[in-house]
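Counting from 1 along the sequence shown, just add 206 to a position and that's the residue number in the numbering used here. Note that beta-carbon positions come from the ideal geometry of N, C-alpha and C, so glycine has one too.
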Amino acid sequence: MPLDRTPPLNSLGFAKAPADTRVVVAMSGGVDSSVVAAMLAEEGYDVVGVTLQLYDHGAALARKGACCAGIDIHDARRVAESMGFPHYVLDYENVFKDAVIDEFADSYLGGATPVPCIRCNERVKFKDLLETAKDLDADCMATGHYIQRKMGPDGAELHCAADANRDQSYFLFSTTPEQLDYLRFPLGHLPSKNDTRALAAKYGLSVADKPDSQDICFVPNGDYASVIRKLRPEAANPGNIVDTDGNVLAQHDGVINYTIGQRRGLGIGGLADPLYVVKLDADNAQVVVGPKSMLATRTVPVKEINWLGETPLMSQSEWPIAVRVRSTRPPTDAILRPISDTEATVELLTPEEGISPGQACVFYDPESTRIFGGGWIHKG
């Protein structure tokens with residue numbers, strides 16, 4: 207009887223030696239992706255580092271606190287040199303502007319609150335960069351995201367990171383089953399960011415103490431309005447701040463300067479009860495304000511759904527799930543009612559405040575760490 211000589215699976219899940227396994231690592235220049243690249247290189251994998259230049263290189267050199275900036279490209283290159291694997295920089299400025307920045311500006315102009323980091327993962331990193339990895343004959347692509355890929359009875363599943371404080375599932379809900387088959391997330395199981403920095407120190411990486419990125423990469427100092435004003439000058443058109451009955455209470459200098467749920471900076475005084483921004487009407491250049499009670503939402507319309515369950519979304523009329531409607535909020539119990547394969551209504555069992563069109567609604571298994579995908583909140 208012949209012996210089974212199939213080699214055991216390596217740490218990336220392939221039945222061959224690490225040296226025979228090529229992995230492209232998406233390197234932003236930060237400590238997370240640098241540790242992934244160094245870890246895999248030390249394990250003997252055939253590592254290829256790739257960094258995307260996403261916006262103006264000249265402006266990027268002066269930026270701090272954001273990913274994919276000029277200094278980060280330099281840092282990624284230094285890590286590759288120190289660990290002895292090839293590194294490439296790809297110019298994706300035009301792709302990034304068309305796929306991410308323009309929609310970001312238009313969404314804000316339309317009164318929404320977009321999440322460009324999700325669109326970047328969906329339309330650039332996990333699309334074009336992933337195809338580049340395949341063109342390089344890589345077996346898989348690895349990133350420094352804090353999320354877990356686990357094998358279930360029906361294939362690869364997406365799960366929350368072991369460290370709830372670092373979990374990035376909200377930003378990765380649109381990862382498709384096909385992409386999940388190809389992607390690897392080596393940091394998702396680590397207990398804390400301190401463990402990542404300890405690994406960086408172990409490998410002698412120059413970025414071991416580099417601060418985490420805080421801002422959206424193309425938005426200096428978190429000033430969304432200045433970026434949108436440059437891209438869409440009409441977004442700064444003045445208008446009225448009105449109550450829900452249409453009474454003019456004050457003037458504003460552009461709807462882009464306001465967000466749903468905002469209380470401060472409205473320029474409205476002398477009222478017994480505070481007012482909050484409850485709606486942005488960009489078509490009429492109006493900021494609508496009302497009492498805090500108007501911010502509470504129970505019904506959330508969702509579109510562009512990416513479903514990661516084994517059975518089709520439409521196979522049930524209702525799905526008891528947990529949802530996250532903002533990246534900073536914990537999952538809350540809800541009922542998902544499909545309308546089509548890509549649209550649904552989510553009923554929150556406990557109303558939430560400040561839910562805004564343009565944000566993501568991410569679906570979780572209430573009984574485990576698994577992510578069932580999600581969609582985009584719209585006006586309904």
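{"Query": "Near F310, which residues of its chain fall below 6 Å by C-beta distance, leaving aside the five closest residues on each side in sequence?", "Result": "P320, P322"}
{"Query": "Look at V229 and C346 and say whether their C-beta atoms are less than 8 Å apart.", "Result": "yes"}
{"Query": "Less than 7 Å between C-beta atoms, sequence neighbours within five positions excluded: which residues of the same chain meet that for P224?", "Result": "N216, E249, G250, Y251"}
{"Query": "Comparing alpha-carbon positions, which option in A441, D297, A305, G235 lies nearest A286?", "Result": "G235"}
{"Query": "Mind reading off the beta-carbon distance from D539 to A550? Whole number of angstroms is fine, and I expect it under 8 Å.", "Result": "Actually they are not in contact, since the Cβ atoms of D539 and A550 sit about 16 Å apart, beyond 8 Å."}
{"Query": "What are the boundary residues of the beta strand (DSSP E) that I541 is part of?", "Result": "538 to 544"}
{"Query": "Are M289 and A232 close, meaning C-beta to C-beta below 8 Å?", "Result": "no"}
{"Query": "Grab the span of the alpha helix (DSSP H) containing F302 for me, first residue to last.", "Result": "299 to 302"}
{"Query": "Which residues in the same chain have their Cβ closer than 8 Å to the Cβ of I466, if we skip the five residues on either side of it in sequence?", "Result": "T319, V483, V484, K485, L486, L501, G560, I561, S562"}
{"Query": "Looking only at its own chain, which residues have a Cβ that is under 6 Å from the Cβ of I353, when we skip the five neighbours before and after it?", "Result": "A367, Q374, S375, L378, F391, G394"}
{"Query": "Compute the beta-carbon to beta-carbon distance between V301 and V330, rounded to the nearest angstrom, for a pair I have assumed lies under 8 Å.", "Result": "6 Å"}
{"Query": "So does the stretch 491 to 505 actually touch the stretch 457 to 476, counting three or more Cβ pairs closer than 8 Å?", "Result": "yes"}
{"Query": "Considering only residues of the same chain and omitting the five flanking positions on each side of G564, which have a CB-CB separation below 6 Å?", "Result": "S313, A318, T319, P320"}
{"Query": "Measuring only between beta-carbons, confirm whether G255 sits less than 8 Å from chain B.", "Result": "Looking at the structure shown, chain B is missing, and only one protein chain is on hand."}
{"Query": "What residue range is occupied by the uninterrupted alpha helix (DSSP H) comprising R355?", "Result": "Premise fails: R355 lies in the beta strand (DSSP E), 353 to 358, not in any alpha helix (DSSP H)."}
{"Query": "Here's the rule: buried if 16 or more other CB atoms are within 10 angstroms of the residue's CB, otherwise exposed. What is P537?", "Result": "buried"}
{"Query": "Can you tell me the Cα-Cα spacing of G579 and T381, whole angstroms?", "Result": "8 Å"}
{"Query": "Between which two residues does the beta strand (DSSP E) carrying N512 extend?", "Result": "502 to 513"}
{"Query": "Using a Cβ-Cβ cut-off of 6 Å (strictly less than) and excluding sequence neighbours within five positions of R504, which residues of its own chain qualify?", "Result": "L554, P557"}
{"Query": "Is the beta carbon of V241 less than 8 Å from the beta carbon of A406?", "Result": "yes"}
{"Query": "Which term fits L260, buried or exposed, when burial requires 16 or more other beta carbons within 10 angstroms of its beta carbon?", "Result": "buried"}
{"Query": "Taking the alpha carbon of D459 as the point to measure from, which residue in T450, G473, D449, D451 has its own alpha carbon closest?", "Result": "G473"}
{"Query": "Taking C-alpha atoms, which residue in K585, F569, G581 lies nearest to L364?", "Result": "F569"}
{"Query": "When you compare the CB positions of L593 and P359, do they come within less than 8 Å of one another, or not?", "Result": "The chain is shown only over 207 to 586; residue 593 falls outside these bounds and no answer can be derived."}
{"Query": "Between K585 and the rest of its own chain, which residues show a CB-CB distance below 6 Å, the 5 nearest in sequence each way excluded?", "Result": "P563"}
{"Query": "Counting C-beta neighbours from all protein chains within 10 Å, is the total for G350 16 or more, i.e. buried, or is it exposed?", "Result": "buried"}
{"Query": "Which same chain residues end up closer than 6 Å to S412 when comparing Cβ atoms and leaving out the 5 residues on each side of it in sequence?", "Result": "R284"}
{"Query": "Using DSSP with H/G/I as helix, E/B as strand and the rest coil, what is E309?", "Result": "helix"}
{"Query": "When we look at the beta-carbon of T402 and count the other beta-carbons within 10 Å, is it buried (16 or more) or exposed?", "Result": "buried"}
{"Query": "Roughly how many whole angstroms lie between the Cα atoms of I447 and L481?", "Result": "11 Å"}
{"Query": "Which residue comes first and which comes last in the beta strand (DSSP E) that contains R435?", "Result": "No beta strand (DSSP E) holds R435; the alpha helix (DSSP H) holding it covers 430 to 437."}
{"Query": "Can you grab the Cα-Cα spacing for the pair A441 / T517, in whole Å?", "Result": "43 Å"}
{"Query": "Suppose contacts are defined by Cβ-Cβ distances below 8 Å. Is L258 in contact with Y298 by that definition?", "Result": "yes"}
{"Query": "Any idea if G475 is buried or exposed, counting beta-carbon neighbours within 10 angstroms, 16 or more meaning buried?", "Result": "exposed"}
{"Query": "Could you pull the start and end residues of the beta strand (DSSP E) that L486 belongs to?", "Result": "482 to 487"}
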